[in-house]
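Note sheet for the following structure.
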Amino acid sequence: MSLLGIDCGTTGCKAGIVDAEGQFLALAYREYEIVRPQPDWAEMDSRTVWQKVKEVIAEVAQAARHDPVTALSITSMGEAMTPVSAERAILGNCLLMVDARGREYAAALDVRPGREHLHAINGNVLGTAFSAPKLAWVRDHQPDLFRRAHRFLLWAGLVGYLLGGEPATDRSLANRTLLFDLHTGDWSPELLAAMGIPLDKLPRVVPSHAVIGQVDDRLADELGLARGVKIIAGGHDQCCTALGAGVVKPGRAVYGIGTFLCVTPVYDVLPPSNIMLDAGMSIEHHVVPGLYVSFLYNGTGGSVLRWVRDTMACAEHAEARARGADVYDQLMAELPAMPTNLIVLPHFAPCGPPTFDDRSSGVIAGLKLGTSRGELIKGILEGVTYYFAEGLSLIARAGLQVNEFRATGGGAKSDAWLQLTADILGRPIVRLEVSECGVLGAAILAGVGSGVFSSAAETAEAFVRITRTCEPSLSTHALYRERLERYQQLYPLLKDYLHQL
Amino acid sequence: MPYLLGIDVGTSSTKSILIDERGQPLSVASRGHPTLNPLPGHQEQDPQSWWNSVRATTRQVLQETEIRPAEIAGISFSGQGCACLPVERTGQPLGHAIIWTDARAGRQQARIREIFGSELGKVTGNDIYDQPEPRMMWIRENQPERYQRTHKFLTTVSYLILRFTGKLAGNTSDWGFHLAFDRATGSWNRRFLQAVGLDGQKLPDLYASHQAVGEVSPAAAAETGLPAGTPVIAGGQDSTVVALAVGAIEAGQSVMMRGTTDLLSLCTAHGDYHPGLYTTYAVLPNLYIRYDMQEVVAAGGSYQWLATMLFGEATKARFEVMNELAGGSPAGSTGLIYLPYLLISTQPDPARQRAGSFFGLTTTTARADLCRAVMEGTACALRETVERLARNDIRVAELRLTGGPTESALWNQITANVTGLPVLVPSSGGGAAAYGAALLAGLGTGAIPMDDGYATLRRLVTLRQRFEPQAQTGPAYERLYAAFCQLAGNTAGFGAALKEQL
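If you read the protein sequences in the order shown, they are chains A and B. Residue numbering for the first sequence follows the working numbering, starting at 960 and increasing by one per position. Residue numbering for the second sequence follows the working numbering, starting at -10 and increasing by one per position.
This is the structure we're talking about:
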């Protein structure tokens, strides 16, 4: 008996098979490209992605054939919706979160129902990232496609549907459309009416661990799966990552260090909408019943390290590649032990919550003749961390405290990065044994949905092993608190000017 | 036919140059000397390391040119200003020189400010910058025995005079900047010395920069290869000597030395105290040099720092690559703005201290943008200075630039375009201070006449290039400059907040 977790992201898809003890038996990965028909459009070719998803499933099914899969579940990026026919055919591409289309529809929502009321119903801070404004754009600009579409499906639901399940979505993904009612756990008639989206174009909302069908026999044969594999709804990738990282109790948060950085705190009581909205913070369903999450993210995150590599470490990069070494290990080894005297505004890429600014840009202040590359890198990482320290202090006002961060993603392997994070946030941050938390989270949901496990949270607690804990140094934390105050002065002072650059 | 030898002992290296009567350099030699950092904030140099460099570079130019040393009409010096070197009656140094970058005497500076209050500038003729008197006070308070044994305090150039001639002397361009000197009377300032408790007997006799102070002693002759008896001209502080080298020799002319930091020197006919400006004697009679040092602008320093960031080393070859790269970024560096304040600010008011910064960074900012932004940021800083001077009724009509950054034609052109002023790059280039010292040797010995209205001198100083401001970048640079001023103003105070803890 084994469980299959599938993860569809914006850069690639993964499939992993996990046994009843949470050990990985197989893992496969395929990449794909974003399609940009116009400069500010960003689509995914859904047919290509589906092809790649089938490839990763077939690859892991083959590798784990001695221990057949009995259930599967899917975790995916949010927002992007693909039109499908009643015959399980893909009718077009999906519009990604970063696609700029639908701006005018989001602006209309700002007027009616207004962002306060919207947040009270849906828990999200109005913006163009969400699915609803883009759905409205498709309705008005591609009316034929809109009419022909039997449903518009979010990626986890799309994969489940194409594999043979009913058209469905869990709450964590439904939350990302902007058409969902956080409190009833179903589509919001008021928001559907406000956006002019007919209910029958949307999938049914189910719990993340709900069974939505079983894999079509013909597809099972094609993919090398046993017949009768159950399909479990699954959920949003940030939430499944949280589950797979054991972030299943109030007071814990994921500290995801990837191309962009995303912090996901979890809590069990709905915080006041007005305080959360003031903080620029969303409220979303976790994939674990009764729990909620918020996302703080910053596009500068890990991508800025790549920028440092490409501008300031070209020779080292080429040399490390020739040796088969990782240039980032070398760069991170250059970080000085003490806090730097730099203040960095980490707006090198668009900022999500709580700052929500895509017209700002990065600032490095406090350079000296003797500033070294290691200091510069540390200064940038400190700036990124201040961003989250500021955001977390905002949600603390709503009573949401984080006592422990669990690091995931590529940056989690750097001791120096984790230590400076602990020192700035003043909380321990831990590294986990498993790096594929999203796939593991999906596999746990598959196990719960198929009756192998009784509780997602308990299973995650049993599976997740901590390999290192970085405790904050109190004296260093005190130094960082002073610097945080200076950091917080910078953006209000410069915002207007940075918008002009 | 006479030859002239100029020697410059700067902060990081020594250069010697031998020129002929047409002003043509025959040979240049240079050699570095280390700055010692015995404690945080303490910056010292061993005077013996200066002398070793002087000896080696002098011997080298003599050997390379194979001239007869007896044909050298005279020698003179340029030096880093404001070093504080106590020596015994015998001329033996009492330890190392405390150099101008040393930060130990902050408390003594504060005391001087306290004593004189708003009268300070009127009493001393200058505000406090990096003059040696607070360091003399520091020695008196912290090393009383050393102070007791001090016969004279010397500067770098004074020490060279001592080593070459055996005399304990100084020159007025070097010492005329100091707090203890009264330019109104041309002598030591008793009121100042008494108030701060320094002994005027411990200060050397002064000569005008172009005056002969003595001749090469037999001992110095044996060490350097110069004939004993060669005339030694008093010399000057490096920035005043550079002004001579690039032909800034009459009121209204100016020179910008682009070393690690920018230093703008203006020639004026009067030398009275002027708030916001620092003043000393020029190396020519009846002329003063004014410095604007409100901000310390790291032009060359920024480029060296950026080279180290981008390539791990700051070499000439890397600079050339960066110059090339900068040409590939458009005017305005795709929205990137750089504030070139990489050194500790001299602004006494912490709320006005600026921080070295980049604004407008994105993950698509290219190396070319970073290189060009440094050029544009330093040009904006210069324009700000020129505009501030204009508000003080000091008009800058053209800019003579020297130093490493002038190797880049693009940087020179950007400087002209942003400031709206013609930029002149004299031929003496990077070795301007040593070259100026050689010219000074000529003026002091009469090899170059001083009574022809400097017609001969003007012929010797030639220009390498001239850059006129171009109209096409006008609008882009107006926007850039406006943003530069706003960002510099808005982040004022961050420099102090981010200063390293000493």
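Don't be surprised by glycine CBs; every beta carbon is placed ideally from N, CA and C.
- Listed by position along chain A, the residues whose Cβ is nearer than 9 Å to that of B:A472 are Y1456, Q1459, L1460.
- Below the 8 Å Cβ cutoff, chain B contributes N479, T480 as neighbours of A:L1452, in chain order.
- In this structure, the CA atom of B:D358 is about 16 Å from the CA atom of A:A1272.
- Put simply, the CB of A:S1167 is far from chain B, with every gap to its CB atoms at 9 Å or more.
- For B:T352, the closest Cβ of chain A is nearer than 9 Å.
- Nearest to B:L350 by C-alpha distance, out of B:Y327, B:T269, B:I333, B:E33, is B:Y327.
- Close CB contacts of A:I1171 within its chain, under the 6 Å cut and outside five residues either way in sequence, are with G1119, G1124, E1125, A1127, I1190, A1192 (chain order).
- Taking every protein chain shown into account, the CB of B:Q336 has 16 or more other CB atoms within 10 angstroms, so this residue is buried.
- Think of a sphere of 7 Å around the beta carbon of B:A486: the chain A residues whose beta carbon falls inside it are R1445, in chain order.
- The criterion of a C-beta distance shorter than 9 Å is not satisfied by B:L157 and B:V43.
- Among the residues facing chain A, B:W89 is not included, as its CB has no counterpart in that chain under 9 Å away.
- Taking a 10 Å sphere around the C-beta of B:P394, we find 16 or more other C-beta atoms and assign the residue as buried.
- Among the residues of chain A, those whose CB is under 8 Å from the CB of B:S346 are V1322, I1323, A1324, G1325, L1326, following chain order.
- The Cβ atoms of B:L332 and B:T404 lie no closer than 9 Å to each other.
- Against chain B, the beta carbon of A:V1263 has neighbours under 7 Å at T352, listed in chain order.
- Within a 10 Å sphere around the beta-carbon of B:L452 sit fewer than 16 other beta-carbons, which makes this residue exposed.
- Residue state for B:E467 is assigned as helix, using DSSP reduced to three classes.
- Around the Cβ of B:H22, a 10 Å sphere holds 16 or more other Cβ atoms; the residue is buried.
- Taking the beta carbon of B:R356 as reference, the chain A residues within 8 Å of it are T1270, listed in sequence order.
- Judged by pairs of C-beta atoms under 8 Å, the stretch 1007 to 1015 of chain A does not touch the stretch 1429 to 1438 of chain A, as fewer than three such pairs exist.
- Among the CB atoms of chain A, one or more fall inside 9 Å of the CB of B:W294.
- Using beta-carbon distances, A:F1105 does not count as an interface residue toward chain B, since no partner is under 9 Å.
- Nearest to A:H1244 by C-alpha distance, out of A:I1234, A:F1307, A:P1224, is A:P1224.
- With a cut-off of 8 Å on Cβ pairs, the stretch 1165 to 1182 of chain A is in contact with the stretch 1014 to 1034 of chain A, counting three or more such pairs.
- The secondary-structure analysis by DSSP pairs A:V1322 across a beta bridge with A:L1304, B:F348.
- Contact note: A:A1416 does not reach chain B at a C-beta cutoff of 9 Å; the least C-beta distance is about 37 Å.
- According to DSSP, residue pairing for B:A18 in a beta bridge involves B:S5.
- Straight through space, the alpha carbons of B:R57 and B:M125 are spaced by roughly 42 Å.
- Against B:Q475, the close residues of chain A are Y1456, in the order they occur along the chain (beta-carbon pairs closer than 7 Å).
- For B:K141, the pairing in a beta bridge is given by DSSP as B:V76.
- One Cα belongs to A:E1075, the other to A:L1151, and the distance between them is close to 17 Å.
- Shown here, B:P123 sits in a helix according to DSSP, grouped into three states.
- Chain order gives the chain B residues near A:R1332 as T297, M298, G301, where near means a beta carbon separation below 9 Å.
- Annotation: Cβ neighbours of A:L1335 in chain B (cutoff 8 Å, chain order): M298.
- Against chain A, the CB of B:A287 has a partner CB under 9 Å away; the residue lies at that interface.
- Residue pairing by DSSP places B:N160 opposite B:Y196 in a beta bridge.
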